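Undergrad: The following block contains the structure, expressed as structure tokens.
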Amino acid sequence: IPYGIATGVVNGRAFIDQYTESAIKNPRVIALAKKVRAVHGPELEKEFPKHWPATVVITLKNGKKLEARVPGAKGDADLPLTHNELLDKFNTLAAKAVTKDSAQHLVEVLSRIETLSDVNEITSKLDYRTEVLASARAV
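Just add 2 to wherever you are in the sequence shown, counting from 1, and you've got my numbering.
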């Protein structure tokens, strides 16, 4: 939890690129993570397991406290991603394995998956990134 909170504050998000081997060594994130404490919140537990709420309190150097509460994790059934958030997530993850053109092809084809006459349309234009192919061949 400390690393996830710290990287979110420092980088603006805590997603796949913030958990790479080099990213987890970021001195700013490490320093902030050492200041993060996870505290059990009995009042939040009352909503579990139906909801997974969390409260974050940030105490500034001047003593001022900033507080926010979320009802659950973004992307859960009660707090779904917007269409644009889902596309951003897909494109970020797909970019690790396929080219940008392939990712765009997948978005287009999958948007009409219910009417596809041939499922081969999904994979027909996939172009894997060179480094992905190289690592797959090495296995």
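Just so you know, even glycine gets a beta-carbon here, dropped at the ideal spot from N, CA and C.
Bear in mind that the values here come from a model prediction, so they are computed numbers and not experimental data.
Is the Cβ-Cβ distance between Pro55 and Val72 less than 9 Å?
TA: The answer is yes: Cβ separation under 9 Å.
Undergrad: Let me make sure I understand the geometry here. Which of Ser119, Val109, Val100 and Arg139 has the alpha-carbon closest to that of Arg131?
TA: Checked all of Ser119, Val109, Val100 and Arg139; the closest Cα to Arg131 is Val100.
Undergrad: If you follow the alpha helix (DSSP H) that Lys91 is in, where does it begin and where does it stop?
TA: Lys91 -> alpha helix (DSSP H) spans His85 to Ala96.
Undergrad: Whole-angstrom Cβ separation of Leu81 and Ala75, contact assumed at under 8 Å?
TA: Leu81 to Ala75, Cβ: 7 Å. Contact.
Undergrad: Could you pull the start and end residues of the beta strand (DSSP E) that Glu69 belongs to?
TA: Start and end: Lys67 to Val72.
Undergrad: For Thr22, count neighbouring Cβ atoms within 10 angstroms of its own Cβ and tell me buried if that reaches 16, exposed if not.
TA: Its Cβ having fewer than 16 others within 10 Å, Thr22 is exposed.
Undergrad: Please name the residue, chosen from Ala140, Val109 and Glu116, that lies closest to Leu128 on a Cα-to-Cα basis.
TA: Cα-wise, what sits closest to Leu128 is Val109.
Undergrad: Express the C-alpha separation of Asp90 and Lys52 in angstroms, rounding to a whole number.
TA: About 27 Å.
Undergrad: For Arg30 versus Pro4, is the C-beta spacing smaller than 9 Å?
TA: No, the Cβ-Cβ distance between Arg30 and Pro4 is not below 9 Å.
Undergrad: Exposed or buried, what is His107 when buried is set at 16 or more other beta-carbons lying within 10 Å of its beta-carbon?
TA: Under this definition His107 is a buried residue.
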